[in-house]
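Everything below concerns the one structure shown next.
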Amino acid sequence: MVTNAVSIALITLGLWLSGLRIGIDVQRLIGEPACMPSLVYIWNPGLSEPAKVGHYILARMPATGLGVGARPGDRIVKRVRAVAGDTVKVEGTELYINGKHQEDDRLWLAKSIPGKAPGDFDREVTLGDGELFLMGTTKESFDSRYWGPVKREAILGSAIPLF
7 MVTNAVSIAL ITLGLWLSGL RIGIDVQRLI GEPACMPSLV YIWNPGLSEP
57 AKVGHYILAR MPATGLGVGA RPGDRIVKRV RAVAGDTVKV EGTELYINGK
107 HQEDDRLWLA KSIPGKAPGD FDREVTLGDG ELFLMGTTKE SFDSRYWGPV
157 KREAILGSAI PLF
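Using the numbering used here, read the sequence shown as starting at 7 and increasing by one per residue.
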């Protein structure tokens with residue numbers, strides 16, 4: 007037992023000294039749908055290369071004015087689904103990326119946000135330089151489908167799922 011604790015402490019110290027950080031998906035701890043495929047992840051502050059579709063990103067939650075989801079400024083981890091130059095269209099509860107219907111990525115929460123209807127989130131946008139369209143890994147995720155692209159300034163770094 008002590009050996010495990012010492013090992014974890016040494017690994018954590020090594021990661022911290024190398025500039026990496028460890029994060030925990032607190033949504034899993036409180037029984038809510040999680041946005042990461044794992045409870046624990048490593049995050050690397052900053053981006054050494056441009057984010058690509060499929061990468062996990064740690065960002066600051068934007069102010070949405072919707073009264074649901076994380077508080078503005080909270081750290082969130084989401085997966086990149088579209089990058090600069092990609093076109094994203096939200097229509098009713100349907101999502102299209104570069105004209106391709108995203109069958110499994112409907113706006114499942116659109117009917118449960120107080121005072122909002124699915125059509126209230128309709129938009130079509132081509133992402134500009136430094137913008138990312140971020141989504142969680144569950145259909146219940148509150149993400150860019152509802153509040154639009156995230157700007158480079160909100161990106162804190164990349165995230166790597168561990169276990």
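Quick reminder that beta carbons are idealized off the backbone N, C-alpha and C, glycines included.
For V74, same chain residues with a beta-carbon under 7 Å away, outside a window of 5 residues either side, are I119 and F148 in chain order. Within a 10 Å sphere around the beta-carbon of W49 sit 16 or more other beta-carbons, which makes this residue buried. Taken in chain order, the unbroken stretches of beta strand (DSSP E) that lie wholly in the region 128-161 and span 3 residues or more are 129-132 and 139-141. Going by C-alpha positions, A165 is about 7 Å away from V83. For L168, no beta strand (DSSP E) segment is defined, and its DSSP state is neither H nor E. DSSP places V86 inside the beta strand (DSSP E), whose first and last residues are R81 to A88. Taking the C-beta atoms as reference points, F127 is found nearer than 8 Å to V96. Straight-line spacing of the CA atoms in R151 and L113 works out to 7 Å.
Per DSSP, reduced to three states, the secondary structure at P78 is coil, with no helix or strand assignment.
Residue range T93 to E97 is occupied by the beta strand (DSSP E) that includes T93.
Taking C-beta atoms as the reference points, V89 and L133 count as a pair closer than 8 Å.
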